[in-house]
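Residue 134 in the working numbering sits at position 120 of the sequence shown, with consecutive numbering throughout.
Take a look at the structure below.
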Amino acid sequence: MNDLKGPVDASRVPRYAGDTTFARLPRLGDVSDADIIIWGVPFDTGVSYRPGARFGPNHVRQSSRLLRPYNPAQGIEPFGRAQVADAGDIGVNPFDLADAISTLEDAARDLSGTGRSLITVGGDHTIALPLLRVQHERHGPVAVLHFDAHLDTWDTYFGAPYTHGTPFRRASEEGLVDFDHSMHVGIRGPLYSRLDLDESEKLGFAAVHCRDFARHPLDDIINRVRARLGDRPVYVTLDIDVLDPAFAPGTGTPEAGGLSSMQLLEVLRGLEGLNIVGADVVEVAPAYDHAEITGIAAAHVIYELLGVLAAEGR
Ligand code: MN
Ligand code: MN
Numbered sequence: 015m016n017d018l019k020g021p022v023d024a025s026r027v028p029r030y031a032g033d034t035t036f037a038r039l040p041r042l043g044d045v046s047d048a049d050i051i052i053w054g055v056p057f058d059t060g061v062s063y064r065p066g067a068r069f070g071p072n073h074v075r076q077s078s079r080l081l082r083p084y085n086p087a088q089g090i091e092p093f094g095r096a097q098v099a100d101a102g103d104i105g106v107n108p109f110d111l112a113d114a115i116s117t118l119e120d121a122a123r124d125l126s127g128t129g130r131s132l133i134t135v136g137g138d139h140t141i142a143l144p145l146l147r148v149q150h151e152r153h154g155p156v157a158v159l160h161f162d163a164h165l166d167t168w169d170t171y172f173g174a175p176y177t178h179g180t181p182f183r184r185a186s187e188e189g190l191v192d193f194d195h196s197m198h199v200g201i202r203g204p205l206y207s208r209l210d211l212d213e214s215e216k217l218g219f220a221a222v223h224c225r226d227f228a229r230h231p232l233d234d235i236i237n238r239v240r241a242r243l244g245d246r247p248v249y250v251t252l253d254i255d256v257l258d259p260a261f262a263p264g265t266g267t268p269e270a271g272g273l274s275s276m277q278l279l280e281v282l283r284g285l286e287g288l289n290i291v292g293a294d295v296v297e298v299a300p301a302y303d304h305a306e307i308t309g310i311a312a313a314h315v316i317y318e319l320l321g322v323l324a325a326e327g328r
């Protein structure tokens with residue numbers, strides 16, 4: 015695609031000034047079409063502990079102002095490879111979870127159009143379910159690469175089936191996930207019982223536990239992830255609490271002993287060449303953030319994902 019419209023020129027408008035879109039990219043309405051869309055889902059009706067992820071999208075946008083056009087780690091200019099645009103936020107019902115899920119599903123389907131890739135900024139992890147439904151419509155069961163401290167394969171909370179701790183159980187029941195190629199990365203922290211792990215394994219999720227990062231070289235872990243995903247269409251769903259609270263304090267259910275942002279960014283760079291079809295980054299809750307630590311981490315996570323997607327030539 016020629017005539018790509020990139021971020022606002024920082025030599026003309028300082029990075030702290032002007033419109034707040036992700037990485038100061040154009041809005042969707044300001045480009046003829048887009049290959050990759052970043053959009054926000056301000057929604058946190060599904061949380062089980064601290065609320066506040068509804069304020070995530072705009073916090074991540076604000077924290078993304080310093081992102082520059084060239085990514086030396088990947089050796090590419092993502093905004094020169096693909097037209098990337100910010101589609102703003104979708105308004106979903108904060109009082110009716112089922113209505114919110116269905117609104118989000120319809121909006122994701124419309125935005126995807128005939129072949130755009132979506133990077134969705136949450137919002138709590140409930141939103142992964144409708145996003146996976148839309149991926150399934152296009153690709154059939156997708157390999158899910160799930161970065162999280164938590165399994166999110168629980169059955170119900172207080173009898174409620176749709177929560178931020180249950181999206182991958184529901185997705186599995188709906189046949190959305192290719193369990194021969196799906197994987198959790200970063201699992202840690204106390205569980206209700208050993209059964210939690212057993213049930214996730216029984217569904218078919220492989221797992222790289224956080225402790226594995228303390229004991230194995232990063233390249234071995236990246237190779238494990240790549241071998242698991244193979245050449246399948248991969249959907250990346252990334253809960254920012256996969257990072258240690260030192261690197262992401264602004265989240266709803268923090269657990270000690272997590273990944274550093276360097277480790278996480280390296281794993282994402284290691285996805286180069288895989289068939290990534292979409293992604294979400296969820297659970298940024300700015301009220302618990304300090305000095306934009308979490309927002310900056312999330313912005314850089316999205317930047318690396320964008321690079322991998324843009325390099326695919328979408
Ligand atoms: Mn989590
Ligand atoms: Mn989660």
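Positions of the beta carbon are idealized from the N, C-alpha and C atoms, including for glycine.
Since the model is a prediction, treat every value here as computed from it, not as a measurement.
Under 8 Å between the Cβ atoms of Pro-56 and Ala-99? no
Rounded C-beta distance between Gly-54 and Asp-103? I'm assuming under 8 Å. 4 Å
Comparing the CB of His-139 with every heavy atom of ligand 2, is any distance shorter than 7 Å? yes
Beta carbon shell of ligand 1 at less than 5 Å from a heavy atom: Asp-162, Ala-163, His-164, Asp-253, Asp-255
Quick one: Cα of Gln-277 to Cα of Arg-229, how far? 13 Å
Leaving out five residues on either side along the sequence, give the residues of the same chain with a beta carbon under 6 Å from the beta carbon of Asn-107. Asp-113, Ala-114
Tell me whether Asp-255 is buried or exposed, calling it buried when 16 or more other Cβ atoms sit within 10 Å of its Cβ. buried
Helix, strand or coil: which one does DSSP assign to Met-15? Residue confidence for Met-15 is low, a pLDDT of 49 falling below 50, so the modelled location carries little weight and cannot support an answer.
Thr-267, buried or exposed, once every other Cβ within 10 Å from all chains shown has been counted against 16: buried
What does DSSP give as the partner residues of Ile-290 in its beta bridges? Val-248
Pop quiz: Arg-225 and Glu-269 are said to be a contact at Cβ under 8 Å. What is the actual Cβ separation, rounded to whole angstroms? Not really, about 12 Å apart at Cβ, beyond 8 Å.
Please name the residue or residues paired with Thr-134 in a DSSP beta bridge. Trp-53, Asp-294
Can you say whether Phe-219 is buried or exposed, counting buried as having 16 or more other CB atoms within 10 angstroms of its CB? buried
Rounded to whole angstroms, what is the Cα-Cα separation between Pro-21 and Arg-38? 5 Å
Quick check on DSSP: helix, strand or coil for Asn-107? coil
Short check: CB of Ala-101 to CB of Leu-42, under 8 Å? yes
Quick check on the burial criterion: 16 or more other C-beta atoms within 10 angstroms. Buried or exposed for Val-239? buried
In its own chain, which residues sit with a C-beta less than 6 Å from the C-beta of Met-15, not counting the 5 before and 5 after it? In this prediction, Met-15 scores a pLDDT of 49, lower than 50, which makes its location untrustworthy; the coordinate-derived value is nonetheless stated afterwards. Gln-97.
Is Glu-297 near ligand 2, judged by its Cβ being under 7 Å from some heavy atom? yes
Pair within 8 Å by beta-carbon distance, Arg-183 and Asp-192: no
Exposed or buried, Ala-301, counting other C-beta atoms within 10 Å across all chains shown (16 or more means buried)? exposed
If we count Cβ pairs, one from each stretch, closer than 8 Å, do we get three or more for the stretch 115-126 versus the stretch 317-325? no
Spatial neighbours of Glu-280 within its chain, please: C-beta separation below 6 Å, excluding the five flanking residues on both sides. Leu-232
For the beta strand (DSSP E) containing Val-158, list its first residue and its last residue. 157-161
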